Every structure is written in C-alpha cells, then in structure tokens.
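Take the position in the sequence shown, starting the count at 1, then add 4; the result is the number in my numbering.
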Amino acid sequence: MSTWEATGLGSHPGEDHLEAARIVFGEVPGLPYLPELPARGVGADMVGRTAGLLVDLPVEVQPSGWRLSDRPGRDHHRAVDHLRRDLDGLEEVAHDYAGPLKLQVCGPWTLAGSIELKFGDKMLSDPGAVRDLTASLAQGVADHCAEVRRRLPGVTEIVLQLDEPGLPGVLAGTVPTASGFGRLAAVEEWRVEESLRLFPEPVVHCCAPGVPFDLLRRAGVRGVSVDGALLRRRDEEALGELFEAGMTLLLGVVPGRDTRLADAGVVARPAVGLWRRLGFAPDRLAEQVVLTPACGLAGASPAYARAALAACRKAAQVLRDDPAAGMETG
C-alpha cells in the first residue's frame, strides 16, 4: 500500500536540471523523483543514462546506436557526467527533504533490446549476455541508490522505477535484429521473472500496449506503471489480482504533451471508473492507485510539464478526500 498520491514518470523538457528538480519537489511532494532531461543529447537519453550505471560493461555510440566497447570512452563519460550534475542539483534542491524519493532506470529487457554486442546482434540475442547485463545493472543500481542516500540522508525510502517499454515486444518476439531484417526470438516469461527479482521491489513502468500484468505480479514487483488510455477491459481481471496482492498501480491520466487539461474530477475519472468496476472498497482507492502523466514529459513545454504534475496531484486529492462520491458520479 502507498500514500504517494501522485508523481511523474521521469523525463522533463529542456536542459535546466535545477529548475526541473524544483518543479518536481514543488508539484508532487508526496513522491518526488530525480528528473531526466534527454534534450541534452547523448548520455542523457534513457538507454545512455542507464548504461552509464553499468558495472564493468562500458558502452559507446555507433551509427546504429549504443554498443558495448572495450573501455569507457567519451560517450560513457558523458552519461556519467550528466548524472553527476543531476545528483549535484538534486542535493542542492532537496538537501533538507525528508520522505520517499523515486529513481528511474531503463529496465534490463528494454536495455538488452537496445544495446548491441561488440561484434554481432543486440544483447537480447544472447541469453548469457543478458544475464551479465542484468547482474551489472543490478549492481550499478545498488551503487546509485547508495550514493543518493549518502547525498540526501533525509530520504526515508528509495522507490526504484524500471522503465520497460520494450518488454511486451521481448515477450512476443517482435524486437528487430540489429540489421532490421529479422526478429529476435521471444523470451520465456520465467527468465523475465527471474531477472526482475534481482532488483529491490521495483515499480515497472510500461507505456506500451500488452503490459504483462500477471508476469509482473508473479515476479513480486511493488507496482506497475501504465498509460491509462491503453488499458482494455480484458486487462481488468489481471488488475484485480494485482490489487488483491497489495500492489500499487501508477495510472497515467493526463497526456505527456501540451493540451488543455481538464478539471480534477475529470482527470480522476479513469481511476474511479476502474475501481468501481472491480468492486473494491472506496477507501482503498487512494492507497493503491497513484496518478501520473501518461508517459514522460520530455516532449512538453516547461509550463505544461508543471501543470500536468499539478493536475495529477489535484486529481489524487479527489481520490483521497471523497472516493465514495467519486464512485457515484465517475
């Protein structure tokens, strides 16, 4: 169960990491997070940023994308430098913060489908390489969390978000080979479950259709983060089992790009409607559903990014303050 209310998914527009951090801590104080600014270029993107955390697996950028390399080079150092500056900024903005903090990294399966071996296909094509990558990532994430705790001693818990937009394709066997002419073999569900257990109670974020809810529940993740617009009625039985298991759903309820935002009651309606159809007690709604933008905010304007987080927080107050009324009108 959580009392997080609302949060964001990670990415923000622009290149000012201090301003992004101030917005996050101002608008979603219940579960603030370390913002990501991919507009800064190589090493600030989701894959490069996470690759910079890997232990003993240096990477570089080739025309085809990220690839393993023999030794850390310019691209690797750039990713490490971006993250170090972000942590310096986080420390400046949140030096006296006390409470939970969310950190986001690219999950092992999306990462394996994005990074190429030194001489060959993507890491996803080689089960041994995937095991090495997952172990390296788990160690790098542990080191990253430990550094954040040293910098911000008031943090009461770190919530780890694994970004896995590629996971449905990994399971379905639709990830293209490095050449683009073929598809990599589907990965067995037990391998994915096994890998996720190496991370400390993660929240798995997947903004693609076909989120494998049952697999994630079996893997013992803490929560699942999805785009509410992609949910289908056929997902609801699996969601009900997720809630029965005490897990948290981070539900994307406002677009990630600039648009006119509705009032709090309308923004809250997808969560209210889902909860009512599942038949759970109204007072559990705010404990198990956290409202977020539908995906990252990198493609939004800075003003909209702030407004989107504020809209999620206001809608979360509707879930908390009067869930029964929401059930009747939602």
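For each residue, glycine too, the CB sits at the ideal point set by N, CA and C.
Keep in mind the model is a prediction, meaning the values are calculated, not measured.
**OP:** Determine the direct distance from the alpha carbon of Arg195 to that of Phe123, and round the result to whole angstroms.
**Re:** 24 Å
Original post:
Do Gly170 and Thr114 come within 8 Å of each other at the CB atom, strictly closer than that value?
Top reply: Cβ atoms of Thr114 and Gly170: closer than 8 Å.
Original post:
From Ser68 to Ala223, what does the alpha carbon distance come to, in whole angstroms?
Top reply: 33 Å
Subject >> Collapsed DSSP secondary structure at Ser199 in the structure displayed >> reply: DSSP, read as helix, strand or coil, puts Ser199 in helix.
Original post:
If we count Cβ pairs, one from each stretch, closer than 8 Å, do we get three or more for the stretch 296 to 311 versus the stretch 246 to 261?
Top reply: yes
Subject >> Which of helix, strand or coil DSSP assigns to Val63 >> reply: Three-state result, Val63: strand.
Subject >> Which of helix, strand or coil DSSP assigns to Gly34 >> reply: coil
Original post:
Taking all protein chains shown into account, do 16 or more other C-beta atoms lie within 10 angstroms of the C-beta of His80, making it buried, or fewer, making it exposed?
Top reply: buried
Subject >> For Cys210 and Arg221, the rounded distance between their alpha carbons >> reply: 14 Å
Subject >> Sub-8 Å separation of Arg53 and Val97 beta-carbons >> reply: no
**OP:** For the stretch 271 to 282 and the stretch 312 to 327, state whether three or more C-beta atom pairs, one from each stretch, are separated by less than 8 Å.
**Re:** The stretch 271 to 282 vs the stretch 312 to 327: in contact.
Original post:
If you check the beta carbons only, do Leu166 and Phe203 fall under 8 Å apart?
Top reply: Taking C-beta atoms as the reference points, Leu166 and Phe203 count as a pair closer than 8 Å.
Subject >> Inter-residue Cα distance where the pair is Ala339 and Val59 >> reply: Residue 339 falls outside the range modelled here, since the chain spans only 5 to 334, and no answer is possible.
Original post:
Leaving out five residues before and five after Ala189 in sequence, what residues of the same chain have Cβ atoms less than 7 Å from its Cβ?
Top reply: Once the five neighbours on either side are set aside, the close Cβ partners of Ala189 are Gly177.
**OP:** Measure the CB-CB distance between Asp130 and Leu141 and report whether it falls below 8 Å.
**Re:** no
Original post:
With Asp125 and Ala182 assumed to form a contact (beta carbons below 8 Å), what rounded beta-carbon distance in angstroms separates them?
Top reply: The Cβ separation is near 5 Å, so the contact holds.
Original post:
Closest by CA to Val208, which one among Leu246, Asp147, Asp20?
Top reply: Leu246
Subject >> contact_flag[the stretch 61 to 76, the stretch 34 to 43] where n(CB pairs < 8 Å) is 3 or more >> reply: With a cut-off of 8 Å on Cβ pairs, the stretch 61 to 76 is not in contact with the stretch 34 to 43, counting fewer than three such pairs.
Original post:
Which of the three DSSP states, helix, strand or coil, is assigned to Met5?
Top reply: Here the model assigns Met5 a pLDDT of 46, short of 50, so the residue's position is not dependable, and the following value carries that caveat. Three-state DSSP puts Met5 in coil, outside helix and strand.
Subject >> Endpoints, alpha helix (DSSP H) assigned at Val109 >> reply: It is not in any alpha helix (DSSP H) - Val109 instead sits in the beta strand (DSSP E) that spans 103 to 110.
Subject >> Inter-residue spacing [alpha-carbon to alpha-carbon] between Arg226 and Arg78 >> reply: Answer to the nearest angstrom: the Cα atoms are 36 Å apart.
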